[in-house]
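Asks:
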Amino acid sequence: MSSYEAFRLRELKQKIPYVIESITTAGNLVFIGTNDGKLIVYELSPSKGDLRCLHIHTARRKHPILATIPIVEKQILVAVADDAILVFRLEEPITSAATDHPREDQLQELSAITGMKDITAVHVKRQKGIFSMAVLQRKKVSIYEYREQGQRQEFIPVRDGLQVPDGGKSLTWASRNIMVALRREYLLVDVASGMVECLYPTSNSKGVNPLLLPLDPVPEVLVDNGRGNGARALHDGTILAGNEANTLVWSSPPNGATYVHPFLLTVHSSSGLEVRLPFASTTRGCSETTPLGQSIGCKGIERISHRSYADFDVTLPTKSTPADAFRRDVTIATSSSGSSTNTVYLVEMVPPREQVMGLISAKQFEFGLLLYELCVNEVEEALAKSMQTHYALWCVYKRGDVKTAILRFRDARVDPRLVISLFPGFLTQRARDAWQVPADLSELLSSFRAFEGVVCSNESVDLLLDYVTSLRPEYIAAGSSASVGMDTSLYPDVDVVLEAIDTAILRAYVFLGQEKELLNFLCTENACAPRDSEQCLLEGEQWVGLVALWHRQGLHSRSLELLKELAVTGEPTCSAIGSSVNKEGEGIDTVPNTIQDDNVIRDSFNDEFLSVLRRLLPKVMIPEHETSGIFISQSDIYSHMEAPMDQEEDLQQSARLLRRCVGVVTTILYCRKLAWDIPETLQLVARHALWVLANIPPLWSVMLFPVDKMTAEQQAAVLRLVRTDMMGVGTTNMHERVVEWLSLILGNQYDTCRDAAMHDAYWKSLVEVVFVEGEQAKSVGVGAEIEVEETEIRQRRRKVLCDFLSSSSFMNLSVVRAYLEQPTVRSQAYPERAIIYQRLKLHGEAVRMCLYEMNQLEEAKYYAIRASRDEEDVFLVLLKELLRPSTGAEPRLEEAMSIASTCGSIEPLAVLELLPDNTPIAVVEDFLRRSLSVAAMRNRSAAIYASVLEARVRQAEKALELEKSRRVVIDIESSCAVCGKKLRPGTVFARFPNGILVHHVCIDDESVCPVTHKDFRKGVEVLLREVL
């Protein structure tokens, strides 16, 4: 048993010359019950170490006083004799007696419960403000409640006759239940139902009652485990499970016991007084197998003061609990040495703060922490923090329990640098230089050198991450307060600590491989130490994280050069990744151009790598990534890669390909995240990222530039940049770059951009890409997969061209016509020329193109249908070209008549004028019949419509005459239906269709009758109002 001093034993001057049957204390009062019926009250003076007798009360029948139970809250004293329970007043004069001689038989008896036989034990509880008393007799348990009725104070029976087996030795309240100790077993009595449950056997020691002691304010009871040892049980009788350390082992069964929170004091005939901390064995994180206790070797001690009372309204102490809440009653022990004269000892508890300090010195940190938690109201905050810190360090080095240590560090609010320093390599160099471990902790840490510290594992680092992440908001707030001159004494060196916290978070993310969380963290405001962070990211090959860190520091040139090296070679050199911080801690963004030879760049983007990019970029360059504000992680890029390599490819080559893809994707996203509201940004991109435009497919390379963040002048500047000849650096086509860039600007709403130069550049580049360069691409031998992809792209772009030519209002249509009629384009651009002819209203040109160049009459008919929607009779132009060809060819009479017969919008007379003079009647017969039928039908429809209009006119005239004929007759008795006043001559009034007469000023709504509220308007809303 680990020994230390929890209590001190002091012999008092006064001796007690009686045979003691029971002893109880309340405050400084000591109540002695003798075997000859005397009840003696003493007052203890701890400073003088002496007892003074205040009262001696002698019972009439001189039965032994089995127990005394002072209830200070009600100022009463309960005394238990063999066959009666007496209630005395505990008056104020008792505690301040002015005489030197005791008063005899002056205790005021308030009430008594008599006629009770064979009382074995009594126990009182307070629960929810109600005082209840349980009385154990031979074969039953009776329940009483304390009541005050006027001047009468008494216990009245509320439950009598709860039957229990014979042989009861003691009982105690266990919340709403009662536990009874028989000689051989324990029982649990349900007071509400009267049911009795057998729990477990006792040790059946001869001459000793079974142990049964409440441990309030802890909701437990101490019992005998059946082997003569102590065990803790819950209020439902369940013994707390555990190993042997959960058992209180004594050399001999205790003759008596009392609980002085949080200690158990037991009396033993062989060893004297023993003190135990009963909760040490099952406290959180306790691993010691040796219980904490103290042996006070004073043989002859027979009794120790104990009150059979449990207060269930009292809870475990908190920091706000008064320090003396559990220290108001003195503890007394007595020894008789075989005579009737008893030596009295004061059992004084060493203040918990001194005990905690002693346990710290003895390195008994578990027990010290437990004692602090149980007596938190009696230990000052500084000592509590020291205890928790020492315990946490002990957990780290002796037990390797990082989880418990982190919890204790958090409770103690230690300097985060101490916790971070326990993880090798996690504390920043600046923090190590500016901070030292406190002296008391340094000595402790020196004693732990033989033990291994924190082993960085996923579990331990995750615990550190959770710890520093939770602290970060309050240190950020403290840093903001410091910046405006507010008091931050609770957060010393806040800037250094915040830097250490953020750097630890970064290192934890890298160690755990949580790349997405790392990028989220780096893309927000942070205080990471530049040099330490760079080193960590480089060691972990977190290239995206590194450029994200540099992006927050404004080191854009360095970032773009590193990404360029990654994309071109896959092997970053020292010049690209050298430290970005000088000796003064300032950022350095001057970095040389790492790749001088343009041929190296161009040759690196071969067909194999471009094929990988064509499959990768559509998967990663999605709107969610573009607008999320963070970079794409390397793991995400790798998961989308479909590298053209077999399963046996060297892992080094695979890693190199990944780095190249990371360089390409991250460069595009990095440029988009730049501040485009300053003019230097475009120069920066043109200087360091031109290789992207020159080598990456334009559909993705133009995403370097975020259209929504740029002004019109910047968009025009980018247009000039993408039109630059880059054939020396890469192989992408200038017109394709222009098309993709202007597609981003113009979108589907082409007229939102009013710059005619952009419109002209767009259609010209589209024509070049679709017709001129598209044909050249067909003649070059490419793979089948790429050819299909190129065909789909050309079809998409041709549709865009047609839509643009149909919609744009800012291009010169005549110039477009001339461009499309060039010999190299003319025969490929029939749909596009038709659109321009239609917009220029050159319908004859369009018809002749369809008939003579395309040789497609159906296309001519389709054009006529489409163009006739603009209220122009293009069919007449088509018929004229068919009947009177401009080329001098023979008229196409049958085809013309077929079109005329099926088109209802053509005027028959205009068609007849176009017919040749020698046209046979049989050819035009169907046309004439149809035309005459249509004309007759139109005439009939016109006549019917005219008749309908005439009928409506007549109906309106009749309604008008009816309204003019309406009149109202009033007499001298006529009055307003609203106000009741007479309608005098000259007064403006109104009459509703239902005959109601009202003053005009009394009308709220001219359409609604003010009396019946009927709405005379006609409409859906009126019907709905009536329905509702």
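Taking our numbering, the leading residue of the sequence shown gets 49, the next gets one more, and so forth. Every residue gets a Cβ at the ideal spot worked out from N, C-alpha and C, and that includes glycine.
Would K86 be called buried (16 or more neighbouring beta carbons within 10 Å of its own) or exposed?
Replies: Your numbering for residue 86 matches position 38 in the sequence shown. So K86 counts as buried.
Asks: Taking the beta carbon of Y993 as the centre, do at least 16 other beta carbons fall within 10 Å, making it buried, or is it exposed?
Replies: Taking the sequence shown and counting its residues from 1, the one referred to as residue 993 is at position 945. By the 10 Å Cβ count, Y993 comes out exposed.
Asks: Can you check the stretch 434-504 for any beta strand (DSSP E) of at least 3 residues that lies completely inside it and give the ranges in chain order?
Replies: Complete beta strand (DSSP E) runs here, min 3: none at all.
Asks: Keeping to the same chain, check which residues put their C-beta closer than 6 Å to that of A381; ignore five residues upstream and five downstream.
Replies: Numbered from 1 along the sequence shown, position 333 holds the residue referred to as residue 381. Excluding residues within five positions, the ones whose Cβ falls inside 6 Å are I349, I352, Y393 and V395.
Asks: Quick one: residues in its chain with C-beta nearer than 8 Å to the C-beta of I454, no 5 flanking neighbours on either side, listed in chain order?
Replies: Looking up residue 454 in the sequence shown gives position 406. If we look at I454 and ignore the five residues flanking it on each side, its Cβ neighbours are A440, V467, L511, L512, D514 and Y515.
Asks: Excluding the 5 residues preceding and the 5 following C584 in the sequence, name in chain order all residues of the same chain whose CB lies nearer than 7 Å to its CB.
Replies: Indexing the sequence shown from 1 puts residue 584 at position 536. L554, R555 and V558.
Asks: My guess is that G75 and T116 are in contact by the Cβ rule of under 8 Å, so how many angstroms apart are they, rounded?
Replies: Taking the sequence shown and counting its residues from 1, one reaches residue 75 at position 27. Taking the sequence shown and counting its residues from 1, one reaches residue 116 at position 68. Going by Cβ atoms, the distance from G75 to T116 rounds to 14 Å, so no, they are not a contact pair.
Asks: Starting from E1011 and walking both ways along the alpha helix (DSSP H), at which residues does that stretch end?
Replies: Counting from 1 along the sequence shown, the entry for residue 1011 is found at position 963. Element bounds for E1011: I969 to S1013.
Asks: Under 8 Å, do M405 and L422 count as touching if we go by C-beta distance?
Replies: Numbered from its first residue, the sequence shown carries residue 405 at position 357. Numbered from its first residue, the sequence shown carries residue 422 at position 374. Cβ distance not < 8 Å, so M405 and L422 don't count as in contact.
Asks: Which whole runs of the beta strand (DSSP E) in the stretch 99-143 are 3 residues long or more, in chain order?
Replies: For the stretch 99-143, whole beta strand (DSSP E) runs of length 3 or above, ordered along the chain, are 115-119, 124-128 and 133-137.
Asks: Entirely within the stretch 864-901 and at least 4 residues each: give me those alpha helix (DSSP H) ranges in chain order.
Replies: Those alpha helix (DSSP H) runs which fall completely within the stretch 864-901 and span 4+ residues are 871-874, 878-887 and 891-896.
Asks: Leaving out five residues on either side along the sequence, give the residues of the same chain with a beta carbon under 6 Å from the beta carbon of Q123.
Replies: The sequence position of residue 123 within the sequence shown is 75, counting from 1. Taken in chain order, the residues that qualify are L138.
Asks: How many Å lie between G276 and E152 at the Cα?
Replies: Taking the first residue of the sequence shown as position 1, residue 276 is located at position 228. Taking the first residue of the sequence shown as position 1, residue 152 is located at position 104. If I take the Cα positions, the gap works out to 43 Å.
Asks: Tell me the DSSP secondary structure of K928 in three-state form.
Replies: Here the question's residue 928 lines up with position 880 in the sequence shown. K928 falls in the helix class under three-state DSSP.
Asks: Consider the C-beta atom of A410 and the heavy atoms of the ligand ZN; say whether any pair is separated by less than 7 Å.
Replies: With respect to small molecules bound, the structure shown includes none, and the ligand ZN cannot be examined in it.
Asks: Check whether the stretch 185-193 touches the stretch 362-373, taking contact to mean three or more Cβ pairs, one atom from each stretch, closer than 8 Å.
Replies: At 8 Å Cβ cutoff, the stretches do not touch.
Asks: Given a threshold of 16 other Cβ atoms within 10 Å of its Cβ, counted over all protein chains shown, does N257 qualify as buried or as exposed?
Replies: Numbered from 1 along the sequence shown, position 209 holds the residue referred to as residue 257. Result: buried.
Asks: Sort L790, K176 and V362 by Cα distance to V755 and report the nearest one.
Replies: In the sequence shown, residue 755 corresponds to position 707, counting from 1. The option with the nearest alpha carbon to V755 is L790.
Asks: Hey, how far is the Cα of S409 from the Cα of P326?
Replies: As a working mapping, residue 409 is identified with position 361 in the sequence shown. As a working mapping, residue 326 is identified with position 278 in the sequence shown. S409 and P326: Cα-Cα distance of roughly 22 Å.
Asks: Do Y17 and M435 have their CB atoms nearer than 8 Å?
Replies: The requested residue 17 does not occur in the structure, where the chain is confined to residues 49 to 1076.
Asks: Is it true that the CB of W591 sits closer than 8 Å to the CB of R707?
Replies: Along the sequence shown, one-based indexing puts residue 707 at 659. Along the sequence shown, one-based indexing puts residue 591 at 543. Going by C-beta atoms, R707 is nearer than 8 Å to W591.
Asks: If L114 sits next to E69, beta carbons under 8 Å apart, how far is it from one beta carbon to the other, in whole angstroms?
Replies: One-based indexing of the sequence shown puts residue 114 at position 66. One-based indexing of the sequence shown puts residue 69 at position 21. That pair is a contact at about 6 Å.
Asks: May I ask you to report which of helix, strand or coil DSSP gives S749?
Replies: The residue given as residue 749 occupies position 701 in the sequence shown. Reduced to three states, the DSSP call for S749 is helix.
Asks: Start and end of the alpha helix (DSSP H) containing M164?
Replies: The residue you call residue 164 lines up with position 116 of the sequence shown. Element bounds for M164: n/a, residue is neither H nor E.
Asks: When DSSP builds the beta bridges, which residues end up paired with M227?
Replies: Counting from one through the sequence shown, the residue named residue 227 turns up at place 179. M227 is bridged to T220 and L236.
Asks: On a Cα-Cα basis, can you pick out the residue from V424, M985 and H438 that is closest to L407?
Replies: Translated into the one-based positions of the sequence shown, residue 407 becomes position 359. Nearest option by C-alpha distance: H438.
Asks: Measuring only the C-alpha atoms, how far is Q763 from L741?
Replies: For the purposes of this step, residue 763 is taken as the residue at position 715 of the sequence shown. For the purposes of this step, residue 741 is taken as the residue at position 693 of the sequence shown. Cα to Cα, Q763 sits roughly 15 Å from L741.
Asks: Indicate the three-state DSSP secondary structure (helix, strand or coil) for N1030 in the structure shown.
Replies: For the purposes of this step, residue 1030 is taken as the residue at position 982 of the sequence shown. Looking at the sequence shown, residue 1030 is not Asn but Lys. DSSP places K1030 in strand when its eight states are reduced to three.
Asks: Less than 8 Å between C-beta atoms, sequence neighbours within five positions excluded: which residues of the same chain meet that for D808?
Replies: For the purposes of this step, residue 808 is identified with residue 760 of the sequence shown, where counting begins at 1. Cβ within range, chain order: M859, N860 and V863.
Asks: Cβ of A54 within 8 Å of Cβ of Q403?
Replies: Here the question's residue 54 lines up with position 6 in the sequence shown. Here the question's residue 403 lines up with position 355 in the sequence shown. Yes, Cβ-Cβ distance for A54 and Q403 is below 8 Å.
Asks: Quick check: what's the CA-CA separation for T572 versus R600?
Replies: Position 524 of the sequence shown holds residue 572. Position 552 of the sequence shown holds residue 600. Their Cα atoms are separated by approximately 8 Å.
Asks: Which term fits K847, buried or exposed, when burial requires 16 or more other beta carbons within 10 angstroms of its beta carbon?
Replies: Counting from one through the sequence shown, the residue named residue 847 turns up at place 799. By the 10 Å Cβ count, K847 comes out exposed.
Asks: Apart from the five residues on each side of it in sequence, which residues of its chain come closer than 8 Å, Cβ to Cβ, to L849?
Replies: Sequence index remark: in the sequence shown, residue 849 carries index 801 (1-based). Cβ within range, chain order: W811, L814, V815, V818 and E880.
Asks: What is the residue span of the alpha helix (DSSP H) that M945 lies within?
Replies: Within the sequence shown, numbered from 1, the residue matching residue 945 stands at position 897. L941 to T950 is the extent of the alpha helix (DSSP H) around M945.
Asks: Between which two residues does the alpha helix (DSSP H) containing P684 stretch?
Replies: Along the sequence shown, read from residue 1 onward, the residue named residue 684 stands at position 636. Checking the sequence, you will find Asp at residue 684 rather than Pro. Its alpha helix (DSSP H) spans residues Q682 to H688.
Asks: Please report how far the alpha carbon of Q886 lies from the alpha carbon of L926, in whole angstroms.
Replies: Mapped onto the sequence shown, residue 886 falls at position 838. Mapped onto the sequence shown, residue 926 falls at position 878. Taking the straight line joining both Cα atoms gives about 14 Å.
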